[in-house]
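Q: Pasting in a structure now, in structure tokens, and then I'll have a few things to ask.
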Amino acid sequence: MRIGDIARQAGTTPKAIRHYELLGILPAVPRQGSYRRYSERDLMFVRLVRQAQALGFRLAELRGLYPADGEPDWSRVLAALLERRRQVAADIQRLQALDLQLQAVEAETRACLGGGGGECAAAPVRRAA
């Protein structure tokens, strides 16, 4: 397959694939004349890279997962996935705590709007802990 074919099938651009090669994410592929010739395995890995990006991975985190011998290092892929899940879980906890703070400030603000004679804090917004 030529670079345009693999790009089209993977839902990306030839420029992105060249960038993956430049960064060492995708190993250099053999050339036939002046054209790069990609395999089905290369297509599978480009799709994997695109999926990883959609899941929040940075390109630098993907370097070295697809060595020159053409077989992805699945144990490293799994380790990267587990680490990403740990990061997502930590983000969820942080965001849930932030949501609780927002709910409290919302309740205070609604009390100010209600004008029920109760005391309204002059500045209901609190600093995050």
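Position one of the sequence shown corresponds to residue 52 (our numbering), numbered consecutively onward.
For every residue, glycine included, the Cβ atom is placed at its ideal position computed from N, Cα and C.
Who are the Cβ neighbours of G62 in its own chain at under 7 Å, not counting the five residues just before and after it?
A: The answer, listed in chain order, is R101.
Q: Near G78, what residues of its chain come up, given a Cβ to Cβ distance below 8 Å and the 5 sequence neighbours on each side ignored?
A: In the sequence under discussion, the amino acid at residue 78 is Pro, which differs from the Gly named in the question. So the list reads E72, Y117, P118, A119, G121, once near-sequence residues are dropped.
Q: Helix, strand or coil, according to DSSP, for R127 in the structure here?
A: Helix.
Q: Please name the residue or residues paired with Y71 in a DSSP beta bridge.
A: In DSSP, Y71 forms no bridge with anything.
Q: Leaving out the 5 sequence neighbours to the left and right, which residues in its chain are closer than 6 Å to R98 when beta-carbon positions are compared?
A: Around R98: A61.
Q: By DSSP, does R114 sit in helix, in strand, or in coil?
A: Residue state, collapsed to three classes: coil.
Q: For the alpha helix (DSSP H) containing I57, name the first residue and the last one.
A: Segment 54–61, the alpha helix (DSSP H) holding I57.
Q: Which residues in the same chain as Y86 place their Cβ atom closer than 6 Å to its Cβ, once the five residues preceding and following it in sequence are excluded?
A: Hits under 6 Å: R53.
Q: Do you know how far the Cα of L110 is from the Cα of M95?
A: Roughly 16 Å between the two C-alpha positions.
Q: Using DSSP with H/G/I as helix, E/B as strand and the rest coil, what is R82?
A: Residue state, collapsed to three classes: strand.
Q: Applying the criterion that 16 or more other CB atoms from any shown protein chain within 10 Å of the CB defines a buried residue, is D93 buried or exposed?
A: Per the 10 Å Cβ criterion, buried.
Q: Applying the 10 Å Cβ sphere with the 16-neighbour rule, what's the burial state of L113?
A: By the neighbour-count rule (16 or more Cβ atoms within 10 Å), L113 is buried.
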